[in-house]
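K.L.:
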Amino acid sequence: MPSFSANIAFLFADRPFLDRIDAAKAAGFDKVECHFPYEFPIPVLRERLARAGVAMTGLNTAPGDVARGEWGLAGMPGREADFAVHWSDALAYAQALGTGKIHVMAGVVAPEARAAALDTYVANIRRAAREAAAAGVTILLEPLNVRDKPDYLVSRSDEIADLIARVGEANVKLLFDVYHVQIMEGDLIRRLERHRDVIGHVQIAAVPSRHEPDEGEVAYRAIFDALEAIGYHEPIGLEYRPRGRTEDGLGWMRALGVA
Ligand SMILES: O=C(O)[C@@H](O)C(=O)CO
Ligand SMILES: [Mg+2]
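With the UniProt record's numbering, the residue at position 149 of the sequence shown is 149, and numbering never jumps.
1. Using CA coordinates, which residue listed in Ala170, Leu45, Ala90 is at the minimum distance from Thr61?
2. Between which two residues does the alpha helix (DSSP H) harbouring Ile92 extend?
3. In this structure, how does DSSP classify Ser157 when only helix, strand and coil are distinguished?
4. Given a cut-off of 8 angstroms, decide if Asp14 and Arg245 are closer than it, judged by their beta-carbon atoms.
5. Using only the alpha-carbon positions, how far apart do Ile204 and Arg196 sit?
6. Sorry if obvious, but does the Cβ on Glu212 come closer than 7 angstroms to a heavy atom of ligand 1?
7. Are the CB atoms of Tyr152 and Leu144 nearer to each other than 8 angstroms?
8. Look at the alpha carbon of Val108 and the alpha carbon of Arg241, and state the distance between them as a whole number of angstroms.
9. Please look up how many angstroms separate the CB atoms of Thr138 and Gly200, rounded, as I've assumed it's under 8 angstroms.
10. Is the segment 7-22 in contact with the segment 37-57, if contact means three or more CB pairs nearer than 8 angstroms?
11. Is there at least one non-hydrogen atom of ligand 1 closer than 7 angstroms to the beta-carbon of Asp162?
12. Give me the pocket residues for ligand 2, defined as CB within less than 5 angstroms of any heavy atom, sorted by chain position.
13. Tell whether a beta-carbon distance below 8 angstroms holds between Glu217 and Leu175.
14. So what's Val181 in DSSP terms, helix, strand or just coil?
15. Could you compute how far the alpha carbon of Ile223 sits from the alpha carbon of Gln182?
16. With a Cβ-Cβ cutoff of 8 angstroms, do Ser5 and Pro235 count as a contact?
17. Kindly list the residues whose CB is nearer than 8 angstroms to the CB of Ala110, restricted to its own chain and excluding five residues on each side of it in sequence; keep chain order.
18. Tell me whether the beta-carbon of Leu59 lies closer than 8 angstroms to the beta-carbon of Ala94.
19. Going by C-alpha distance, which of Phe36, Leu256, Leu45, Val258 is nearest Asp65?
20. Would you decide whether Val154 is buried or exposed? Buried here means 16 or more other CB atoms lie within 10 Å of its CB.
21. With 16 as the cutoff for other CB atoms within 10 Å, does Val167 come out buried or exposed?
22. Cβ-heavy atom distance between Glu142 and ligand 1 below 7 angstroms?
23. Between the C-alpha atoms of Tyr121 and Met76, what's the straight-line distance to the nearest angstrom?
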C-alpha cells in the first residue's frame, strides 16, 4: 500500500501556511512537504511540526525574484554566489527540521543560453551534493513542463537522468513528478522502470487539470502498482490543486484503494 506526504504549498491552501500542518495531521497525514518555508523562522516551524506530530520530508531551494520571472538559480551563470546563499539556507532548514530531501530549483533560461547554464547547474549541484551527503540529505532535480514553466532549464526526466550521471554524486536523484512527465514525455510506466535507480521522490496530480488524481488521462491505480513493482516505497507527494476544500476531495484515496 503506498503512503503519501501532503504538499502544503498546494494542499490546505485555504488557510495560513503554518495552520496547514495541523490541517494535514487532522486529515490523516503525518508527513508534509512544501516549496518555500523561508518566511518562517526555523524554531517556529520546528515547534509547529513537533506540536502536530508531523514530519517535513521535503522542501525546495528558494526561487529567487519570482516577480522578475526567476524560478531557481542553480543553473544561472553569474548567480553562483546567490545560489550558494539559497543552498545554505535550504540545508540549514533541512538539518534543523530533519528534512531528508531538498529539491534544488534550476532556473528559467533563454534557449540560446542553455548550454552554459547546464554547465553551471552541474557544477553547483555537484558542490551542493557533497555538503548534502555530509548531512545525510538527498538532492532532488525535477523537470518542469514547459506549458506551465516556459524556458525552465530542465523539462524532461530523461535529460535529468543524464545530468545526474554527469554530476556523479550518489545523493543526487530525480524527482519524478508524474504530472510534468506525462505532459512532456508520457510512456510513464516504462519511464518509471527505466529511471528506477535514480528516482528519489515521486509527486502526483491529475493531467491536465492538476486536480485530485482521480480524473484526466493518467491511470493512477496502474502508476501505484508500477511504483510497487519497481520497489519505490517512499511516501508519494500529493502536489495537486484541490477542486475545492482539500478535505472534501480526499475521497480519491478510497476510490483508488489506497486508504
Ligand atoms: O511541480 C512543481 O511545480 C513543484 O514540485 C515545485 O517544486 C516547484 O516548481
Ligand atoms: Mg512537482
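Ideal Cβ positions, reconstructed from N, Cα and C, are used throughout, including at glycine.
P.N.:
Reading it off the structure:
1. Ala90
2. One detail in the question is off: residue 92 reads as Ala in this sequence, not Ile. Start and end: 80-97.
3. helix
4. yes
5. 16 angstroms
6. no
7. yes
8. 23 angstroms
9. 5 angstroms
10. yes
11. no
12. Asp177, Gln203, Glu239
13. no
14. helix
15. 12 angstroms
16. yes
17. Asp151
18. yes
19. Phe36
20. buried
21. buried
22. yes
23. 7 angstroms
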